[in-house]
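Protein chains in written order, with the working numbering: chain A, 395 to 732; chain B, 395 to 732.
Note sheet for the following structure.
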DNA sequence: AGTCCTTGTCGAAGCGCTTCGACAACCTAT
DNA sequence: ATAGGTTGTCGAAGCGCTTCGACAAGGACT
């Protein structure tokens, strides 16, 4: 293993000079710099991370807490994680992967040991038990998701309220008056994951403004669950012509079931999904959808965090504006039959 | 920040004693141990990771290289990553997330800097460019996936050859004589990702032994691609009654298309999928499938790695035996019509 | 010619931990 | 009682780096 001292000797300078060449924190003459860089290359030197962390009290590592559950939005989580990792690298940081399993302890462990300089927390619940610990430390952190109380926290999320509103709006504009909302699994609501409730919120209040009716039903993924849910919905509101689906694994079953019942999409029924673009494009009917901008969220989170680490950067909530892409699953409401 | 020295002072012992209490590398009297542990608790002490790494030349971090692509098997990748992270924690390791983006450089960087003690590499190609670097370092590593030349490497993977064989076998036993294999996207084959070719291999040789015909077609995911592929297959082999699908995003389209053409599953056509159980269960027909044991693979990989780090543990290839679960998508071949 | 900066480099201290050798204190066997 | 082992604890060195103050050497002023 090559050390700083060896590089210094090889280049005929002192260790500190090499260090300053590396960090650029003091000016070094061109000649010396080149000699040092040459030696670094020749010897294949890599600074030792541990020594660096010890001496500078900075690890250049960002911790990322991902949910342990794989029951929802897995591709989105993955995409965020990848975006975080690649963006972090461009800022000179590596990413430490923490699962939710340890819970708040993980926060303590990582902050306490100086393993990471900062932390990104995904899958935040409205009243997340990790929040006190995040507020209690001076280690910067960014949440992906929105808790109930955001004071003293930096959060990045899709504006799910606007997302909900956008969906109804689109359907209402097309003349739909009776809209069913197929939501996430009941467990998601019980857990008080904010995004689901916020979507519903935006959806309902916009619906009221526009004078359209909504009916919300949580739904587990899969065919069987969707079949039951759909039957109930149509039983209660036979005139339903618009669907908003916020559950990746319910969307394809819904399409199949509608087809099976002889309801054509988009002629008889319109469907708007809240899902990644890839899902929307690969479905049996190309879905009008509001995308979940996973990459952007991951990137944003890292950039906020790096700003905080660099001293500028404030606590604030960044809500990404949703965008609805019209595809083949929505169309004008059919003429009223009854 | 609390340091070892402060704990030592608080407990009235020397720093080294505290260190030995923590590591258990020398015997400490019960009384002293308790006093130290008490002080640790009272002061809320957490050992500094950097200092530890520097002094012991061990970071207690395992690097995990995940693919940058999100074009295939994302849930599987995610599940593996989570399994790796949680298993690693039970052995006292944290996980550093590296994307494939940096390629071989990441290997050099991480080994060179002592950031991680060991490395798990996913999405290995047959002739992966990272292999030379992995062989060249004495840092232990485990691959998830199988390259062409496994000498000097430890690998963990599903036995895809046996998986392929198992699929044909099941269909052949049910009387199917003409089997279509719907594979991954062409890009996967071009990249020479081993698992796809190995599956095909096992599938074909077993088919030959059993005297059944196979026709393999790669296929992008989604409806349109699947429609084209299916049409071609049925054109070339109208008598096809069995399908093996190794592409998550082709399976649902295939089922829909078959249904649409009036071919009932499993009465007219049988379908075996190679996919995670969750996908198999949530499909419109509960699929007979060979599961991809993501958790097991992640767990195995970490355990191999830890064994190596502990000195025992050898280079070897661990192939997990596939298991076929019979569900509702396969049945006896229909009586020959022609 | 002397003073004052600026620029480039060095030496040394120290980050918080592990680990090795030393060594009291005690126990056991002669 | 003495030699020989254990057992439990300590002190000190050192891991590889960063960073601070010091200080030559030269340039720009009076």
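In this text, a Cβ means the ideal position worked out from N, Cα and C, and glycines have one as well.
Open item on the list: Could you tell me which whole alpha helix (DSSP H) segments of length 4 or greater appear in the region 550-591 of chain A?
Closed with: Within the region 550-591 of chain A, the complete alpha helix (DSSP H) runs of at least 4 residues are 554-567, 580-584.
- [ ] Assign residue 711/B to buried or exposed, taking buried as 16 or more other Cβ atoms, counted over all protein chains shown, within 10 Å of its Cβ.
- [x] On the second chain, residue 711/B is found 317 positions in, with the first residue counted as 1. By the 16-neighbour rule on beta-carbons within 10 angstroms, residue 711/B is exposed.
- [ ] Locate the beta strand (DSSP E) running through residue 522/A, then write down its first and last residues.
- [x] Taking the first chain and counting its residues from 1, one reaches residue 522/A at position 128. Run containing residue 522/A: none; DSSP gives neither H nor E here.
- [ ] Could you check how far apart the C-beta atoms of residue 554/A and residue 585/A are, in whole angstroms? I think they sit under 8 Å.
- [x] Position 160 of the first chain, counting from 1, holds the residue named residue 554/A. Position 191 of the first chain, counting from 1, holds the residue named residue 585/A. At roughly 15 Å, the Cβ-Cβ gap does not stay under 8 Å, so residue 554/A and residue 585/A are not in contact.
- [ ] Buried or exposed for residue 401/B, please, with buried defined as at least 16 other CB atoms from any protein chain shown within 10 angstroms of its CB.
- [x] On the second chain, position 7 is the one that residue 401/B refers to. It is buried - the Cβ of residue 401/B has at least 16 other Cβ atoms within 10 Å.
- [ ] Can you say whether residue 679/A is buried or exposed, counting buried as having 16 or more other CB atoms within 10 angstroms of its CB?
- [x] Translated into the one-based positions of the first chain, residue 679/A becomes position 285. Flag for residue 679/A reads buried.
- [ ] List the residues of chain A whose Cβ lies closer than 8 Å to the Cβ of residue 414/B, in chain order.
- [x] Working through the second chain from its first residue, we reach residue 414/B at position 20. Those do not exist, as residue 414/B stays about 19 Å from chain A at its closest Cβ, beyond 8 Å.
TODO: Report back the beta-carbon spacing between residue 643/B and residue 682/B to the nearest angstrom; my notes put them in contact at under 8 Å.
DONE: Taking the first residue of the second chain as 1, we reach residue 643/B at position 249. Taking the first residue of the second chain as 1, we reach residue 682/B at position 288. Their Cβ separation, rounded to whole angstroms, is 19 Å, which puts residue 643/B and residue 682/B out of contact at 8 Å.
- [ ] Let me know the secondary structure DSSP gives residue 512/B once reduced to three states.
- [x] Counting from one through the second chain, the residue named residue 512/B turns up at place 118. In this structure, residue 512/B counts as strand in the three-state DSSP scheme.
Open item on the list: Quick check: residue 535/B and residue 513/B, are their CB atoms within less than 7 Å of each other?
Closed with: Counting from 1 along the second chain, the entry for residue 535/B is found at position 141. Counting from 1 along the second chain, the entry for residue 513/B is found at position 119. Yes. Within cutoff.
Task: Cross-strand partners of residue 538/B (DSSP beta bridge) - done: In the second chain, the residue the question calls residue 538/B occupies position 144. 550/B, per the DSSP bridge assignment.
TODO: For residue 724/B, decide whether its Cβ has a neighbour in chain A, counting only Cβ atoms nearer than 7 Å.
DONE: Indexing the second chain from 1 puts residue 724/B at position 330. It does not: the Cβ of residue 724/B has no partner Cβ on chain A nearer than 7 Å.
TODO: State yes or no: is the beta carbon of residue 732/B nearer than 7 Å to at least one beta carbon in chain A?
DONE: Working through the second chain from its first residue, we reach residue 732/B at position 338. Only weak support exists for where residue 732/B lies, its pLDDT of 48 falling under 50; the coordinates are left without a value.
Open item on the list: If the criterion is Cβ atoms closer than 7 Å, does the pair residue 404/A and residue 433/A meet it?
Closed with: Here residue 404/A corresponds to residue number 10 of the first chain, with the count starting at 1. Here residue 433/A corresponds to residue number 39 of the first chain, with the count starting at 1. Taking 7 Å as the Cβ cut-off, residue 404/A and residue 433/A qualify as a contacting pair.
- [ ] Answer yes if the region 624-634 of chain A comes into contact with the region 551-566 of chain A, meaning at least three C-beta pairs across the two stretches below 8 Å, and no otherwise.
- [x] Not touching, per the Cβ criterion.
TODO: Spatial neighbours of residue 659/B within its chain, please: CB distance less than 7 Å, with the 5 preceding and 5 following residues excluded, ordered by chain position.
DONE: Working through the second chain from its first residue, we reach residue 659/B at position 265. Within the same chain, residue 659/B has close Cβ partners 649, 652, 665, 679, 723.
Task: Runs of beta strand (DSSP E) lying entirely within the region 433-490 of chain A, each at least 3 residues, in chain order - done: 455-460
TODO: Check whether the region 565-579 of chain A touches the region 537-551 of chain A, counting contact only when three or more Cβ pairs, one atom from each stretch, lie closer than 8 Å.
DONE: no
- [ ] To the nearest angstrom, report how far apart residue 697/B and residue 668/A are at their CA atoms.
- [x] In the second chain, counting from the first residue as 1, residue 697/B sits at position 303. In the first chain, counting from the first residue as 1, residue 668/A sits at position 274. Rounded to the nearest angstrom, the two C-alpha atoms are 39 Å apart.
Open item on the list: Would residue 443/B and residue 408/A be called neighbours here (beta carbons separated by less than 7 Å)?
Closed with: Within the second chain, the letter at position 49 stands for residue 443/B. Within the first chain, the letter at position 14 stands for residue 408/A. In this structure, residue 443/B keeps its C-beta atom at 7 Å or more from the C-beta atom of residue 408/A.
TODO: Can you give me the start and stop residues for the beta strand (DSSP E) that residue 610/A sits inside?
DONE: On the first chain, position 216 is the one that residue 610/A refers to. Looking at the DSSP string, the run of the beta strand (DSSP E) that includes residue 610/A is 607-611.
- [ ] Following the continuous beta strand (DSSP E) through residue 683/A, name the residue where it begins and the one where it ends.
- [x] Within the first chain, the letter at position 289 stands for residue 683/A. Residue 683/A -> beta strand (DSSP E) spans 682-684.
Task: Proximity below 7 Å, CB of residue 709/B to CB of residue 531/B - done: Against the second chain, residue 709/B aligns to sequence position 315. Against the second chain, residue 531/B aligns to sequence position 137. No, the pair does not count as a contact, with Cβ atoms beyond the cut-off.
Open item on the list: Using 8 Å for Cβ pairs, my map puts residue 480/A next to residue 493/B. What's the rounded Cβ distance?
Closed with: Taking the first residue of the first chain as position 1, residue 480/A is located at position 86. Taking the first residue of the second chain as position 1, residue 493/B is located at position 99. The pair is a contact, with the Cβ atoms about 5 Å apart (cut-off 8 Å).
Open item on the list: Excluding the 5 residues flanking residue 470/A on each side, which residues of the same chain have their C-beta closer than 8 Å to its C-beta?
Closed with: Counting from 1 along the first chain, the entry for residue 470/A is found at position 76. Hits under 8 Å: 670, 686, 688.
- [ ] Would you identify the three-state DSSP class for residue 643/A, choosing helix, strand or coil?
- [x] Taking the first residue of the first chain as 1, we reach residue 643/A at position 249. Residue 643/A falls in the helix class under three-state DSSP.
- [ ] Indicate whether at least one CB of chain A lies closer than 7 Å to the CB of residue 617/B.
- [x] In the second chain, residue 617/B corresponds to position 223, counting from 1. Closer than 7 Å: yes.
Task: Per-residue DSSP class, three states only, for residue 712/B - done: As a first step, residue 712/B is located in the second chain; it is residue number 318 there, counting from the start. Residue 712/B: strand per DSSP, three-state reduction.
- [ ] Answer yes or no: does any C-beta atom of chain A fall closer than 7 Å to that of residue 678/B?
- [x] Position 284 of the second chain holds residue 678/B. Judged by the 7 Å Cβ criterion, residue 678/B is in contact with chain A.
- [ ] Could you tell me whether any Cβ in chain A is nearer than 7 Å to the Cβ of residue 639/B?
- [x] Against the second chain, residue 639/B aligns to sequence position 245. Judged by the 7 Å Cβ criterion, residue 639/B is not in contact with chain A.
TODO: With a 10 Å radius around its C-beta and 16 neighbouring C-beta atoms as the bar for buried, classify residue 715/B as buried or exposed.
DONE: Stepping through the second chain from its first residue, residue 715/B is reached at position 321. The residue is exposed, with fewer than 16 neighbouring Cβ atoms inside 10 Å.
Task: Beta-carbon proximity of residue 623/A to residue 611/A, cut-off 7 Å - done: One-based indexing of the first chain puts residue 623/A at position 229. One-based indexing of the first chain puts residue 611/A at position 217. Going by C-beta atoms, residue 623/A is nearer than 7 Å to residue 611/A.
Open item on the list: In this structure, how does DSSP classify residue 667/B when only helix, strand and coil are distinguished?
Closed with: As a position in the second chain, residue 667/B is number 273, starting the count at 1. It is a strand residue.
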